[in-house]
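Chains as they are written, first to last, in the working numbering: chain G, 1125 to 1238; chain H, 115 to 228. A virtual CB, placed ideally from N, CA and C, is assigned to each residue, including glycine. Below is one structure, written out as structure tokens; the observations come after it.
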């Protein structure tokens, strides 16, 4: 079975500081990993994905994530947070070669303080 | 704007009733996914259709059914509604049906069962 964990329900960071939103996953084989963001009263919006290749993935709005196979992690990062980054962030996982679709984490509420 | 449209935006109904949620995918996308988002269950994958055929099934109740029509729009039918069915229902679409493809989410339908 595939699963994903976001250990922090809430992350607070000051504007201009670096931010990290954590994600760990569990799959039997090779993972496909995604980050989505949800603003209030909106649908989820795709940020970035890891399928294969370079462990550092760059995405929209200056976000990036690093795939770490040994630690089964895919943490989302941004060098300098903006107040407008405040939103709910979801990590999701699927498995290469599997017909199963995405399993989403429980979400992390990011608040960037001015 | 993701290009995925969902109607209606809000739906209020009573227990035991039946409702239909509608989704139009992005132009060119062949795959449609349905998700349920609630506070206690998080974001749950319900079902996926690809070019009119069911591709994958998740945690969809027997009281729920879906279909994708030749014009690729999709409908999610919820019957014998219970209070616990109150949730946000999202539709998403992707160009292909593989788990490696990013999904584009609609704004959601908020269902309230009284």
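For this session: Tell whether a beta-carbon distance below 8 Å holds between residue 1156 of chain G and residue 1175 of chain G.
Result: In the first chain, counting from the first residue as 1, residue 1156 of chain G sits at position 32. In the first chain, counting from the first residue as 1, residue 1175 of chain G sits at position 51. Yes, the Cβ-Cβ distance between residue 1156 of chain G and residue 1175 of chain G is below 8 Å.
Problem set entry | residue 1150 of chain G at chain H interface by Cβ criterion, 8 Å | As a position in the first chain, residue 1150 of chain G is number 26, starting the count at 1. Chain H, which has no Cβ nearer than 8 Å to the Cβ of residue 1150 of chain G, makes this no.
Exercise. Taking the DSSP output, what are the residues bridged to residue 162 of chain H?
Worked result: The residue labelled residue 162 of chain H in the question sits at position 48 within the second chain. Partner(s): H:147, H:170.
Exercise. So the beta strand (DSSP E) residue 119 of chain H belongs to, where does it begin and stop?
Worked result: One-based indexing of the second chain puts residue 119 of chain H at position 5. Segment 119 to 121, the beta strand (DSSP E) holding residue 119 of chain H.
For this session: My understanding is that residue 1141 of chain G touches residue 1205 of chain G, with C-beta atoms under 8 Å, so please give their C-beta distance in whole angstroms.
Result: In the first chain, the residue the question calls residue 1141 of chain G occupies position 17. In the first chain, the residue the question calls residue 1205 of chain G occupies position 81. Between residue 1205 of chain G and residue 1141 of chain G the Cβ distance is about 6 Å, and since that is below 8 Å, they are a contact.
Exercise. What runs of the beta strand (DSSP E), each 3 residues or longer, lie entirely inside the segment 1143 to 1200 of chain G?
Worked result: 1143 to 1145, 1148 to 1150, 1155 to 1162, 1168 to 1174, 1180 to 1182, 1188 to 1192
For this session: Determine contact between the segment 1203 to 1222 of chain G and the segment 127 to 143 of chain H, defined as no fewer than three beta-carbon pairs at a distance below 8 Å.
Result: no
Exercise. Taking Cβ-Cβ distances shorter than 7 Å, what residues in chain G pair up with residue 162 of chain H?
Worked result: Looking up residue 162 of chain H in the second chain gives position 48. 1225, listed in chain order.
Problem set entry | Residues bridged to residue 156 of chain H (per DSSP) | Locating residue 156 of chain H in the second chain gives position 42, counting from the first residue. DSSP, once it has assigned bridges, lists H:152 as partnering residue 156 of chain H.
For this session: Please classify residue 213 of chain H: is it buried, with 16 or more other beta-carbons within 10 angstroms of its beta-carbon, or exposed?
Result: Against the second chain, residue 213 of chain H aligns to sequence position 99. Buried is the call here.
For this session: Have a look at G:1160, G:1220, G:1238 and flag the residue whose alpha-carbon is nearest the alpha-carbon of residue 1152 of chain G.
Result: Numbered from 1 along the first chain, position 28 holds the residue referred to as residue 1152 of chain G. Answer by Cα proximity: G:1220.
Exercise. If you compare alpha carbons, which of H:208, H:226, H:222 is closest to residue 165 of chain H?
Worked result: Start at 1 with the first residue of the second chain, and residue 165 of chain H comes out as number 51. Taking only the C-alpha atoms, the option nearest residue 165 of chain H is H:208.
Exercise. Tell me the DSSP bridge mates of residue 224 of chain H?
Worked result: The residue labelled residue 224 of chain H in the question sits at position 110 within the second chain. Answer is H:124, H:202.
For this session: Could you give the DSSP three-state label for residue 1236 of chain G: helix, strand or coil?
Result: Counted from its first residue, the first chain places residue 1236 of chain G at position 112. Residue 1236 of chain G falls in the strand class under three-state DSSP.
Exercise. Between the segment 212 to 227 of chain H and chain G, which residues of the former have a C-beta closer than 8 Å to a C-beta of the latter?
Worked result: 213, 214, 216, 217, 218, 219, 220, 221, 222
Problem set entry | CB contact below 8 Å: residue 1167 of chain G versus chain H | The count along the first chain starts at 1 and reaches residue 1167 of chain G at position 43. Closer than 8 Å to some Cβ of chain H, the Cβ of residue 1167 of chain G qualifies, so yes.
Problem set entry | Rounded C-alpha distance that separates residue 194 of chain H from residue 176 of chain H | Here residue 194 of chain H is taken as the residue at index 80 of the second chain, counted from 1. Here residue 176 of chain H is taken as the residue at index 62 of the second chain, counted from 1. Approximately 10 Å, taken between the alpha carbons.
Exercise. Chain H partners of residue 1231 of chain G, CB-CB under 8 Å?
Worked result: In the first chain, counting from the first residue as 1, residue 1231 of chain G sits at position 107. By Cβ distance, chain H contributes 156, 157.
Problem set entry | Within chain H, the residues that residue 1218 of chain G reaches when beta carbons sit closer than 7 Å | The count along the first chain starts at 1 and reaches residue 1218 of chain G at position 94. Chain H residues near residue 1218 of chain G: 213.
Problem set entry | Counted within 10 angstroms of its Cβ, other Cβ atoms place residue 1235 of chain G as buried (16 or more) or exposed | Indexing the first chain from 1 puts residue 1235 of chain G at position 111. With fewer than 16 other Cβ atoms within 10 Å, it is exposed.
Exercise. So the beta strand (DSSP E) residue 192 of chain H belongs to, where does it begin and stop?
Worked result: Numbered from 1 along the second chain, position 78 holds the residue referred to as residue 192 of chain H. Taken as a continuous stretch (DSSP letters only), the beta strand (DSSP E) holding residue 192 of chain H covers 188 to 192.
Problem set entry | Cutoff 8 Å: residue 1156 of chain G Cβ touching any chain H Cβ | Against the first chain, residue 1156 of chain G aligns to sequence position 32. True, the Cβ-Cβ gap to chain H drops below 8 Å.
For this session: Give the secondary structure of residue 1210 of chain G by DSSP, where H, G and I count as helix, E and B as strand, and everything else as coil.
Result: Counted from its first residue, the first chain places residue 1210 of chain G at position 86. Of the three classes helix, strand and coil, the one that applies to residue 1210 of chain G here is coil, per DSSP.
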